[in-house]
Each structure stands twice: as C-alpha cells, then as structure tokens.
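J.: If you read the protein sequences in the order shown, they are chains E and Z.
Each residue of the first sequence is one higher than the one before, counting from 1 in this note's numbering.
Each residue of the second sequence is one higher than the one before, counting from 1 in this note's numbering.
Have a look at this one before I ask anything.
There are 2 protein chains.
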Amino acid sequence: AGRMQSSRSKPCSCPSLKLREVASMYFTMVAAFLVILVVALQGSAPRESDFPYKVPLDLQGLLELSWNVSYPEQAVHFQLLIRELQFGLLFGMSDRGKFENADLAVLWSDGHNSYFGDAWSDAKGQLHMDSQQDYQLLGARRAPEGLYLLFRRAFSTCDPKDYLIEDGTVHLIYGILEKPVHSLHAINVSALHGGLQRVQLLKPNISIPELPRDMKTMEITAPDVVIPSQETTYWCYMAELPEGFPKHHIVMYEPVITVGNEALVHHMEVFQCTADFDSFPHYNGPCDSKMKPERLNYCRHVLAAWAMGAQAFYYPEEAGLAFGGPGSSRYLRLEIHYHNPLVFKGRRDSSGIRLFYTATLRPHDAGIMELGLVYTPVMAIPPGEDSFTLTGYCTDKCTQLALPPAGIHIFASQLHTHLAGRAVVTVLSRDGREQQVVNADRHYSPHFQEIRMLKEVVAVFPGDELITTCTYNTEDRSRATVGGFGILEEMCVNYVHYYPQTQLELCKSAVDPGYLHRYFNLVNRFNDEEICMCPQVSVPQQFYSIPWNTFNRDVLKSLYGFAPISMHCNKSSAVRFPGQWEKQPLPSITERLREPSPRCPPSPGPQPAVPVPLQLGQLRRD
Amino acid sequence: AGRMQSSRSKPCSCPSLKLREVASMYFTMVAAFLVILVVALQGSAPRESDFPYKVPLDLQGLLELSWNVSYPEQAVHFQLLIRELQFGLLFGMSDRGKFENADLAVLWSDGHNSYFGDAWSDAKGQLHMDSQQDYQLLGARRAPEGLYLLFRRAFSTCDPKDYLIEDGTVHLIYGILEKPVHSLHAINVSALHGGLQRVQLLKPNISIPELPRDMKTMEITAPDVVIPSQETTYWCYMAELPEGFPKHHIVMYEPVITVGNEALVHHMEVFQCTADFDSFPHYNGPCDSKMKPERLNYCRHVLAAWAMGAQAFYYPEEAGLAFGGPGSSRYLRLEIHYHNPLVFKGRRDSSGIRLFYTATLRPHDAGIMELGLVYTPVMAIPPGEDSFTLTGYCTDKCTQLALPPAGIHIFASQLHTHLAGRAVVTVLSRDGREQQVVNADRHYSPHFQEIRMLKEVVAVFPGDELITTCTYNTEDRSRATVGGFGILEEMCVNYVHYYPQTQLELCKSAVDPGYLHRYFNLVNRFNDEEICMCPQVSVPQQFYSIPWNTFNRDVLKSLYGFAPISMHCNKSSAVRFPGQWEKQPLPSITERLREPSPRCPPSPGPQPAVPVPLQLGQLRRD
C-alpha cells in the first residue's frame with residue numbers, strides 16, 4: 001500500500017440527487033471528524049476529564065489506556081499512551097482475550113512511514129485489513145511522556161469481523177511490533193509480545209449522588225507490605241474500628257493505590273467479621289499462609305470491593321451500607337490480590353480502600369442478597385462441554401413472602417463463579433414474562449469479579465422472579481464438575497446490592513434430589529452400566545462414575561430444565577423462611593426478552609478500507 | 001414524502017481523498033445503473049431470453065413474473081408484467097409466504113404521482129420503508145399488454161429486515177393496491193387482496209448438454225380434460241408405449257401446458273408401472289375416484305416430474321433414463337395436480353409432459369435412489385413443535401458394499417415429506433467430515449416438490465455417508481406424528497437421480513426399536529405415568545399415550561441423536577443387501593460444514609431510503 005496524499009482538491013460537478021446526498025452526508029461526517037480532531041489537538045493535551053477511565057495495559061506500565069463512553073453516539077473514545085514506541089502497536093478486543101479471531105486497531109511503521117488501520121486476526125493469528133474501517137483515528141500527538149493515539153469505535157459496527165462491545169467484561173489485548181512491518185499481512189499476532197487486560201468498557205452513565213456534608217473518611221490500607229515475588233498473592237490484613245464506634249452509613253468508597261503499583265494491584269476487598277466472636281487476632285500476611293489464624297475465615301461480609309479499572313463506588317442517595325454500632329463486629333479484613341507474573345522483587349505497597357461514611361444515617365440501610373444456585377453437588381456440569389448452562393431461581397413464592405409491598409431497588413451487582421464460569425446473567429421475570437436484565441456479562445471471567453453499578457436501578461416486587469443463568473466451559477476436564485465450595489467445584493451466584501434491606505439474604509435453588517436420583521437410575525438402565533446407587537455413595541461419586549456420552553449429557557440438561565427444585569428462601573445461610581420449599585415447580589417463562597438487535601453506525605459511519613498514513617516521522621529513534 | 005426532482009446539477013468541489021473515492025464509486029454505480037436501464041428500455045422491449053424463467057403470480061394471470069439469475073453479480077433481475085394496474089402493487093418474499101414479516105418491493109400511487117420503494121412488513125402486517133433500499137428499480141415501461149417493472153435484488157443484502165434469497169423454494173407474495181395510497185405507512189398488507197406463489201428462484205447455472213441427432217419426442221398429455229371446479233384435483237391418465245417398444249434413453253423432458261391454464265396446472269408427473277403385471281386398465285379421471293382401478297397404485301416409478309416455475313429437465317450427456325425394452329412395463333400413468341381455488345368451471349386442459357428420447361443409448365443408465373428415513377412409526381415427532389428435526393442415514397457400510405469403486409454422480413434431487421415438512425437437507429460426509437450439501441431447501445413446502453437439477457454434480461464414493469435431515473412443524477397437532485405412509489404421518493426422503501445406475505435403490509435408516517422400547521420404559525418410570533408397554537400395543541399407540549412435556553420431548557430428541565440405527569441398505573424395498581444391518585452405530589460427525597456467511601452487496605450497493613418517483617402518469621385510467 002503506497003502512501004497517499006490527502007489534501008488535493010479539484011472541481012467536479014455533482015451529477016444527481018443521490019450523489020448530492022452522499023456528498024452532504026460526507027461533509028457532515030468530515031466536519032464532525034475535524035471538530036473532534038481539533039478538540040483533541042488544539043490545547044496542549046486533552047484534559048484528563050475527557051477520558052475519565054484509565055487502566056494500565058501491560059505490567060511495566062508502558063501502555064496506558066484511558067477512555068470515555070458516549071451513549072448518545074453509542075461509541076467509545078480511546079486515548080492510548082505509548083511510552084516507548086518501537087515499530088508500532090496492536091490494540092483490540094476478542095471474546096476471551098485470545099490473539100486469534102480478534103478485532104484490532106493497528107499502528108505500524110515500515111521504518112519510514114507510519115499507518116493506522118482496522119484489522120482482524122483469523123483463527124491462525126494472521127492479520128487482515130478489515131474491509132470496513134471501524135476504528136476511526138481521531139488524532140496522534142507526541143508528548144514528553146510518549147505518543148498519544150486517539151481513536152473512536154462504535155459499540156456495534158455490524159461488520160461480522162468486528163467485536164461487539166457489550167455491557168460487562170471486555171477482554172482488551174495489545175501487541176508490540178518490535179521490527180519494521182511492510183504490510184499488515186506480514187504480521188502474525190500469535191508470535192507477538194503482548195498481553196491482555198480485562199475491563200468494564202461500558203461504564204454506566206450515572207450521575208454522582210449528592211454526598212453528606214459531615215462525611216468522614218477512613219483508609220483501610222496495607223501497612224507497607226513487600227509484595228511477594230510470585231505470580232499470585234492474596235494478602236490478608238486485619239484492621240479494626242475504634243471501640244464504641246457507633247452505627248454509620250458508608251456512602252462511597254474508592255481505591256487507594258500506591259503510585260507505581262497500578263499494574264500489580266489486581267483487586268481488593270474489605271470484609272467485616274462476624275459479630276459471633278468478640279475479638280479477632282491481628283494478622284498481616286498471605287491469606288493462604290499456615291500462620292493465618294483460622295478465625296479469619298469468619299470475616300466474609302463484604303463492605304467494599306474494587307477491581308482494576310473500577311472507579312469509586314457510590315451508594316444511592318437514599319441508602320448507605322451500615323457498619324459500626326451494636327450487633328456489628330469492630331473487626332475488618334482487607335484482602336488484596338497482587339498479580340505479579342513478572343515476579344518483581346522488593347516492591348513495597350500500601351494500597352487499600354478509602355471508605356467515606358457519615359453518622360447522619362440515610363433513610364435506608366443497603367443490603368446484599370445472594371441469587372443463583374445453592375452450593376450443592378446436585379448441580380453438576382458434564383466434562384468436555386464448551387458452554388453448558390446451569391440456572392438458579394429466586395421464585396415468586398419467596399419474593400412474595402420476603403419482600404416489602406413497595407419492593408426493593410437493586411443498584412449494584414457482583415457476579416461470582418469458580419474457574420469454569422464464562423458468562424452470568426440475571427433476568428427479572430413477572431407473571432412468566434421476562435421484564436429486564438438485572439445484570440449480564442457474556443464475557444465474564446472468574447479473574448475479574450467487580451461490584452458493578454447497574455445502568456439503571458431495578459425494582460423488584462413481591463411475586464417477581466429472579467433467574468440467574470451461568471455458562472461453564474469444562475473442555476479441559478475429564479470428570480464431572482459438581483457444585484460446591486472447592487476451587488474445582490462450581491458456583492453460580494449474583495450478589496445483588498439493594499435497599500431497603502430485608503431479612504432475605506439468600507434466594508437460591510437446586511434441582512430436587514429425588515429427581516436427580518431418578519436420573520442416575522435412568523442412566524444406569526439405559527446404558528447397561530453399573531453405577532452404584534447405594535445410599536452410601538455420594539452424589540459427586542455418582543456423577544464421577546457416569547460414562548459421559550451425548551445421551552447422558554442431554555438428559556441431564558433436560559432434567560435441569562424440567563425437574564422441580566428445592567428452594568433456599570433464607571434469612572441467613574442456615575435459617576429458612578417458614579413454608580414448603582421442597583419439590584417446587586420450575587418457574588415457567590412464556591415470554592422471553594428479545595435479543596437487542598445491534599444498532600449499526602449511521603454516521604460518521606465506517607471508512608473505506610485503506611490504511612491512514614500518519615505524519616509521525618520515524619517511530620523508533622535508535 | 002414529497003416528490004423529488006432528479007435532474008438538477010450544480011458545481012461543487014471535492015474536498016478530500018475520501019469524497020473522491022465515494023464519488024468515483026458512485027459514478028461507477030450510476031454508470032452501471034444507466035447501462036442496465038438502457039439495455040432494458042432501448043429496444044421496444046427486453047428480449048424474452050433476458051428473463052428465461054417465468055411464472056404467473058395470481059390465478060387469473062394478471063401478474064406475470066419473469067426473472068434471470070446472475071451468479072457473478074449474486075443478484076436476481078426481475079421483470080414483472082402487471083396487466084391491469086390499479087393504484088399499485090406489492091411484490092416480495094417471506095419465509096413461508098405469509099404477508100407479515102415480509103420483504104417487499106412496493107409500487108404505489110397517491111392518485112397523482114407514483115413511487116417505488118423497498119419496504120418490510122412487521123409482525124402485524126404494517127408496512128415500513130426500509131432504511132436500506134435493496135430492491136433497485138431498473139426501469140418501468142408501458143406496453144399494450146400492461147406495465148412492465150424491472151428491478152434487481154441481491155441474493156443477500158445484510159439488512160436484517162431483508163429476506164435472504166437461498167437455494168431451494170422461495171415463497172413469493174403479491175398484493176394489489178385498490179385505492180390511492182398517501183404513504184407506505186398507510187398500508188397494512190394483511191388486509192390486501194393478494195396471494196402467494198412458490199418458485200425456485202435460484203435456478204442452477206448449468207449449460208444445456210448436447211442432444212442426440214436421432215432424438216424423438218413423445219407427448220404424454222391429458223386428452224382434453226375438463227378441469228373439475230374444485231380447489232384441488234389430482235388427475236390420472238393412463239398412457240402406453242407401443243408394443244415391442246425397445247429400450248430407449250430419455251434425455252430430456254419439458255412441460256406442455258395448455259395456453260391459458262398456466263396458473264392452474266400446479267405440477268405433473270409421469271410414472272412407469274411395474275413390470276410385474278402384463279397389462280394395466282385404461283383410465284382417465286380423478287386419482288381419488290372410487291372408479292379408479294386399484295392396479296394403478298402399482299405405477300410409481302418416476303419417469304418425469306414437473307412443477308410450476310420449472311423448465312425443461314436435461315439428463316447429463318453421459319446418461320439417460322431407460323424406458324422400454326424387456327423387463328420394463330409399457331404402461332405409463334400421467335398425474336396432474338390442478339390447483340383451482342377460484343373454482344373456474346368448464347376449463348378444458350390438455351397439458352402434460354413431452355419426453356425427448358433416443359435409441360442410441362448413452363454410456364450409462366440413470367438411476368434413482370431413496371435417501372432418508374424408513375417409513376416406520378418408530379421415528380416420531382412430538383406435538384406442538386415449531387421445528388423438530390429427524391435424520392436418516394445412508395451409512396459408510398452400505399455405500400462401501402453397494403457403490404462401484406469409481407463412485408456415482410448425483411445430478412438431480414427431489415425432496416419429499418408429508419404435510420408437516422418445513423425443510424430438508426442432505427449432506428455428504430466422508431470420514432466423519434461433512435464435505436458438501438447435496439441438496440438443501442430451508443423453505444421447503446410439501447406443496448412444491450419438484451425434481452431439481454443440482455448446481456453441481458455430487459460424486460459419492462464407497463464409504464461415503466449421506467445424511468438427510470428433515471424439519472417438521474407440528475404446532476397445530478395435539479398428538480405425536482409418527483412415520484408412515486398416511487397423509488398425517490410423516491416421511492423424510494430425498495430421491496436422488498444419479499448415474500451409473502446401481503442395485504442400491506434404498507439407503508435409509510430408523511432408530512433401533514429396542515432403544516425406543518427403553519425410551520418408553522424410561523418415560524414411564526420417570527414421569528410416574530402408566531404407559532402400557534405390553535407387546536400388543538403398537539408403537540403409534542405408545543407414542544400417542546405419552547404425556548408430552550419438555551423432558552419427554554428432549555429425551556426423545558437425545559435418543560434419536562444417540563441410539564443405534566436399523567439400516568435399510570436395499571436392492572428394492574423388500575430385498576436387502578447381505579450383511580448385518582441392525583443396531584448399527586450412528587455415523588459421527590467430527591467436522592461440520594460452516595454456514596456460508598452471506599456476502600453483502602459491494603456495489604452498486606444499497607440506495608438511500610427515499611422512495612423513487614416514477615413518471616407513469618396516472619396509474620389507473622377510470
């Protein structure tokens with residue numbers, strides 16, 4: 001591809017209505033394009049507030065991505081800072097962070113000239129120029145700290161080669177070009193030095209609630225920890241509230257990250273300990289250490305949770321998270337996940353979470369409710385599945401009994417599975433008709449579990465149903481994966497944050513064990529196999545001994561879609577609401593939500609498939 | 001929508017590279033458009049050979065559609081003759097011929113001006129202008145016989161509101177506008193006078209084989225029949241070959257339609273009778289008459305078949321269909337399906353089929369082989385299903401035994417189901433990997449079963465597998481539909497025409513009856529139901545007594561996808577090839593054919609969403 005000039009102009013005549021229309025549309029587009037370009041390049045630099053979200057892409061902090069989301073335009077504007085540019089860079093997205101079948105913006109140099117283009121990688125990692133250019137370059141700027149690239153991408157491009165930017169997790173990928181490149185086709189991404197970063201690109205567009213005047217702050221931070229020189233560390237630190245600390249409402253919290261460690265602090269949580277014990281020992285060390293006091297396992301009530309890429313978390317104006325006061329433990333546990341795959345040594349860290357709280361209690365206490373599946377082995381996933389789904393129900397009968405007549409308001413949600421989880425979605429259903437999605441993540445990763453503010457608060461009334469479906473991948477496993485607490489067992493949970501707080505803490509289900517027993521019997525008879533159905537054999541053992549084939553798999557699927565359920569409609573994990581909760585009918589859905597058909601970009605619209613030449617001079621200064 | 005002028009022109013300057021590109025692309029497009037327009041309008045009329053395929057749309061013959069297919073352009077060109085235009089016309093396509101959710105070209109008049117546009121109807125029949133105009137008007141021309149409209153449509157437009165034109169049956173629909181219309185939105189198609197016509201739009205692009213010099217013709221036609229004044233008549237007429245007529249090869253055949261009856265003659269077939277009887281009685285009357293001799297049921301060997309919209313049928317140069325000579329019956333049965341829903345009275349008809357045959361035998365006899373499912377009740381469809389599939393197999397073991405080492409060549413195919421059939425597809429698989437589609441009709445209708453030439457001849461070798469899948473709709477039924485000969489029972493058959501002829505006449509399968517028995521047992525135990533499994537109860541009775549729910553349905557589906565099969569690898573319907581054909585393993589597929597991703601039109605490309613004004617004068621001359 002030769003270099004092109006872009007400023008020639010010669011007269012022509014517009015021959016018809018349609019050309020005039022095309023032309024006028026095009027002028028609008030060029031105008032919009034120029035305005036953005038000017039905004040971006042006029043001042044010395046774009047203001048930080050133009051790109052409120054920021055995340056490091058690599059572990060050395062050489063690549064820094066900031067972005068903003070325009071819901072009216074249905075587009076994301078990216079600002080990528082490249083601190084040490086070599087011969088170019090790939091940046092893009094793929095379903096689960098693989099370099100193959102990815103959608104990529106590419107900046108490349110042949111040693112003399114630089115180009116920018118929209119490309120995609122095939123199943124073998126080979127790059128191809130996209131026939132429709134949907135990463136739109138808005139500007140490029142040299143600054144002392146590095147090169148800034150500004151570009152735009154519509155959520156949905158209707159190009160089948162493009163990634164569809166959806167709510168929830170997006171797997172961002174980057175790759176470094178270390179040699180001059182003469183054409184895009186010369187690049188195989190699988191061979192590049194690069195990496196992956198998970199973020200929630202489509203941050204909800206919510207206004208910040210008004211904060212109380214008497215707001216105070218409290219930092220729960222690690223006391224100058226030396227980050228262990230190993231890939232993964234969960235660090236535990238015990239903090240405590242002052243004696244006699246009365247009831248307060250947490251109204252917001254934000255991360256406190258030690259400068260320089262932005263790429264190492266993966267996620268952090270503050271847990272409150274149970275009030276069942278009067279005191280908890282001090283501790284400051286790895287969570288999996290043999291030295292860790294066993295009692296720390298009783299500190300599991302989430303007060304705050306942050307993950308990389310997340311910002312401050314605000315409670316709605318009507319509610320706050322209660323802490324302090326009688327019946328509440330003074331003891332807090334800070335847990336930090338350090339992700340250190342380059343095994344840096346001797347890095348010191350004092351990161352943590354800053355709580356903003358008030359003594360002027362808001363009208364409502366916020367609560368957390370667990371939706372999804374009971375932690376029981378009766379819910380199992382056959383081995384070798386690429387996307388097997390399990391569904392947990394919060395039934396109309398339970399919400400009828402436990403929710404106040406005015407309903408509750410869900411404002412945030414944290415999705416949770418173990419390692420096989422690939423997608424989680426909770427849908428609200430009323431009278432058998434699906435009403436709205438509470439929270440959905442089609443690219444969910446168990447390595448990126450953040451509390452997410454919902455785009456809109458969801459009102460749930462008595463008689464409503466909340467249906468949570470998790471999708472699992474067990475292609476790398478040779479035996480069934482059963483439900484349970486173990487890391488190789490599975491969970492399907494949505495922790496929803498809501499107000500006003502109710503007694504309902506758990507609204508989850510599992511298949512009726514009697515029907516599961518019939519299934520084991522059926523598999524036994526149908527396949528002429530000897531599966532021991534003796535009562536002394538546990539459910540996991542029975543699952544492990546099933547000879548998996550399409551029939552046994554399909555029938556298990558059918559069983560989960562048909563058999564009655566056992567409900568946990570509980571005040572706490574041990575105390576059920578009164579009522580009959582066994583052999584409950586499966587909620588039936590008569591009307592499903594329709595998949596939103598992606599909006600295609602009307603304008604500026606995609607650009608022709610030619611690389612855009614850039615005036616950057618030589619990229620690498622050797 | 002106001003009227004627009006289309007010939008103004010004013011100077012402008014082209015400001016950038018991209019506009020120049022857009023403009024140049026546009027000029028190419030306009031040029032192509034003008035050329036077509038000129039071709040279409042220059043002579044007094046387009047030549048008939050420009051539009052080789054023709055079909056009446058309505059039953060009075062007021063609307064006549066001709067078309068051609070351009071595979072290089074991936075587009076269909078339509079010429080629609082409207083003999084008595086009122087205030088406009090709708091023409092389009094929908095999945096199964098419904099007026100709702102249809103893709104329509106609309107010609108409408110407000111009483112003064114006329115417009116043409118691409119529209120779609122929603123689930124309620126309401127018309128909407130399409131945001132992407134994919135029916136492209138190429139010209140309109142008044143002639144003594146009526147108004148000709150010429151327009152073009154790409155097979156695939158990538159507009160989700162548009163119908164994807166695929167191989168196989170296309171349901172064309174039309175509607176008449178009997179009053180002036182002020183805007184598209186004022187039209188509700190469900191209320192219009194209109195109708196449906198099924199055609200194979202994408203005729204294969206095959207060259208006509210060379211015909212022998214000594215070719216003779218023979219017409220098998222109805223002897224001046226008075227078409228009964230009832231909607232549906234199957235007419236039977238017995239013809240016979242001369243005594244001592246030696247073996248010949250049929251090399252082609254074509255329809256002979258009495259002028260004026262083009263819309264009434266729905267389909268015709270010529271069958272040869274069995275050689276088991278020396279003579280057959282004469283007959284000329286309805287096929288379902290009590291007077292019809294029972295022996296006519298032994299005339300079932302297809303010699304020729306034609307359906308509305310089909311053209312002449314040619315055998316490949318290497319092969320012909322044998323008839324005449326020893327071991328072959330002299331008696332032929334012509335069957336004509338008259339479709340007369342307007343119950344015209346006293347229409348006389350002498351339609352039929354003209355056979356072209358030669359005494360100079362070609363290298364190979366052509367043969368017909370039955371693929372799909374055995375006619376047995378063990379293959380059943382639950383009630384209330386919108387698309388339940390059943391699959392019949394021709395296994396590697398059978399083709400290994402029965403096909404010659406050089407293989408056979410399939411050149412034509414006729415798909416067959418009873419009334420619940422909605423789609424049929426046969427795929428060729430080799431070593432577990434799907435190789436190619438033999439014939440597919442995703443919009444199959446049991447009312448439109450024609451013999452279709454394949455786009456390309458398919459070579460099948462010993463060890464190959466032929467897998468035929470039928471999709472059924474039983475939403476209007478309350479009990480199971482079992483396999484069988486009855487009109488309310490089902491079949492799944494692909495009659496493939498091939499050469500050289502082999503002994504293999506039937507290569508079909510059904511689920512192993514023992515496994516079906518286990519299924520009945522399982523349903524019984526699992527559902528606590530009393531289904532009589534006594535041996536004296538027939539398989540249909542057992543199916544009829546199943547309490548259908550999602551579990552019983554899903555498990556039946558799983559059974560058909562898992563259980564071993566019983567193979568019919570037969571020389572004739574009663575004589576099997578030697579070998580073990582019971583409890584055969586299901587062919588496994590390790591690599592599926594990928595769905596072809598539809599090509600979007602690169603150019604001329606869609607036009608902006610404005611109606612095109614036409615200079616037709618007032619449409620209706622009252």
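Note that the Cβ used here is the ideal one computed from N, Cα and C, for glycine as well.
Can you give the Cα-Cα distance for Z/SER525 and Z/LEU586, rounded to whole angstroms?
T.: The sequence shown places Arg at residue 525 of chain Z, rather than the Ser named in the question. The straight-line gap from Cα to Cα measures roughly 26 angstroms.
J.: Going by CA-CA distance only, name the one from Z/ASP159, Z/HIS409, Z/TYR237 that's closest to Z/ILE368.
T.: For Z/ILE368, the nearest C-alpha among the options comes from Z/HIS409.
J.: Just to confirm before moving on: does the CB-CB distance between Z/GLN584 and Z/PRO564 stay below 7 angstroms?
T.: The answer is yes: Cβ separation under 7 angstroms.
J.: For E/ALA322, does the count of other Cβ atoms within 10 angstroms reach 16, so buried, or fall short, so exposed?
T.: Buried: at least 16 other Cβ atoms inside 10 Å.
J.: Buried or exposed: where does Z/PHE91 fall if 16 or more other Cβ atoms within 10 Å of its Cβ makes it buried?
T.: Buried, because 16 or more other Cβ atoms sit within 10 Å of the Cβ of Z/PHE91.
J.: Going along the chain, which residues of the segment 499 to 533 of chain Z sit with their C-beta nearer than 9 angstroms to a C-beta in chain E?
T.: Those residues of the segment 499 to 533 of chain Z that come within reach of chain E (Cβ to Cβ, closer than 9 angstroms) are TYR515, ARG518, TYR519, ASN521, LEU522, ARG525, PHE526.
J.: So the candidates are E/ARG430, E/ASN439, E/PHE448; which of them puts its Cα closest to the Cα of E/LEU419?
T.: Nearest C-alpha to E/LEU419: E/PHE448.
J.: Determine the DSSP secondary structure at E/ASN261, reduced to helix, strand or coil.
T.: Note: E/ASN261 maps to coil in three-state DSSP.
J.: What are the residues of the segment 575 to 594 of chain E that lie near chain Z, defined by any Cβ-Cβ distance shorter than 7 angstroms?
T.: If the cut-off is 7 angstroms between Cβ atoms, the segment 575 to 594 of chain E has nothing near chain Z.
J.: Under a CB-based cut-off of 7 angstroms, is E/PHE562 close to chain Z?
T.: With 7 angstroms as the cut-off, E/PHE562 counts as an interface residue toward chain Z.
J.: Taking the Cβ atom as the reference point for each residue, do Z/ALA191 and Z/ILE220 lie within a distance shorter than 7 angstroms?
T.: Their beta carbons are not under 7 angstroms apart, which means Z/ALA191 does not touch Z/ILE220 by this criterion.
J.: Find the nearest neighbour of E/CYS569 within the set E/ARG518, E/THR502, E/GLN536, judged by alpha-carbon distance.
T.: Per the Cα distances, E/THR502.
J.: Rounding to the nearest angstrom, what Cα-Cα distance links Z/VAL374 and Z/LEU488 in this structure?
T.: Each residue's Cα considered, the two are about 16 angstroms apart.
J.: Whole angstroms is fine: what's the gap from Z/LEU522's alpha carbon to Z/MET379's?
T.: Going by the C-alpha atoms only, they are around 17 angstroms apart.
J.: Is the segment 472 to 492 of chain E touching the segment 386 to 394 of chain E in the sense that three or more CB pairs, one from each, lie closer than 8 angstroms?
T.: A contact exists between the segment 386 to 394 of chain E and the segment 472 to 492 of chain E.
J.: Note down, in chain order, every chain E residue with its Cβ under 9 angstroms from the Cβ of Z/PHE551.
T.: Correct list: VAL555, SER558, LEU559, GLY561, PHE562, ALA563.
J.: Decide if Z/LYS203 is buried, meaning its Cβ has at least 16 other Cβ atoms within 10 Å, or exposed.
T.: Z/LYS203 comes out buried.
J.: Just list the alpha helix (DSSP H) runs in the segment 154 to 238 of chain E, keeping only unbroken ones of 4 residues or longer that don't cross its boundaries, in chain order.
T.: You should have found no qualifying run.
J.: Straight-line CA distance for E/GLU456 to E/VAL437?
T.: Taking the straight line from one Cα to the other gives about 10 angstroms.
J.: Please list the terminal residues of the continuous beta strand (DSSP E) segment that includes Z/ARG430.
T.: Its beta strand (DSSP E) spans residues 421 to 430.
J.: If I follow the unbroken alpha helix (DSSP H) through Z/THR550, where does it start and stop?
T.: 550 to 560 is the span of the alpha helix (DSSP H), which, as asked, contains Z/THR550.
J.: Can you tell me whether Z/MET252 is buried or exposed, with buried defined as 16 or more other CB within 10 angstroms of its CB?
T.: Z/MET252 comes out buried.
J.: With the cut-off set at 7 angstroms, would you say Z/THR391 and Z/THR469 are in Cβ contact?
T.: For Z/THR391 and Z/THR469, yes; Cβs fall inside 7 angstroms.
J.: Taking Z/LYS623 as part of the beta strand (DSSP E), name the residues at either end of that continuous run.
T.: Residue 623 of chain Z falls outside the range modelled here, since chain Z spans only 1 to 622, and no answer is possible.
J.: Is any heavy atom of the ligand ADP found at a distance shorter than 6 angstroms from the C-beta of Z/ALA75?
T.: In the structure shown, the ligand ADP is absent, as is every other ligand, since no ligand is present at all.
J.: Please confirm if Z/LEU419 has its CB atom under 7 angstroms from at least one CB of chain A.
T.: Checking the listed chains, one finds no chain A in this structure; the protein chains it contains are E and Z.
J.: If we ignore side chains and look at the alpha-carbon of each, how far apart do Z/SER109 and Z/VAL189 end up?
T.: If you take the alpha carbons of Z/SER109 and Z/VAL189, they lie about 16 angstroms apart.
J.: Taking contact to mean 3 or more Cβ pairs, one atom from each stretch, closer than 8 angstroms, check whether the segment 305 to 324 of chain Z and the segment 349 to 364 of chain Z are in contact.
T.: Counting Cβ pairs under 8 angstroms, three or more are found: they touch.
J.: Assuming E/HIS171 contacts E/ARG141 (C-beta within less than 8 angstroms), just tell me the rounded distance between them.
T.: The Cβ separation is near 27 angstroms, so there is no contact.
J.: In whole angstroms, what separates the C-alpha of Z/LEU625 from that of Z/SER70?
T.: No statement about residue 625 of chain Z is possible, as the shown extent of chain Z runs from 1 to 622 and does not include it.
J.: How far does the alpha helix (DSSP H) with Z/LEU516 in it reach, from first residue to last?
T.: Taken as a continuous stretch (DSSP letters only), the alpha helix (DSSP H) holding Z/LEU516 covers 513 to 527.
J.: Can you tell me the Cβ-Cβ gap for E/HIS128 and E/TRP120, rounded? I've got them flagged as a contact below 8 angstroms.
T.: E/HIS128 to E/TRP120, Cβ: 6 angstroms. Contact.
J.: In angstroms, rounded to a whole number, what distance separates the CA positions of E/THR550 and E/MET218?
T.: Each residue's Cα considered, the two are about 56 angstroms apart.
J.: Would you give the residue range spanned by the alpha helix (DSSP H) that E/LYS397 belongs to?
T.: Start and end: 396 to 402.
J.: Can you name, in chain order, every residue of its own chain whose Cβ lies under 6 angstroms from the Cβ of Z/ARG430, other than the five neighbours on each side?
T.: ASP464, listed in sequence order.
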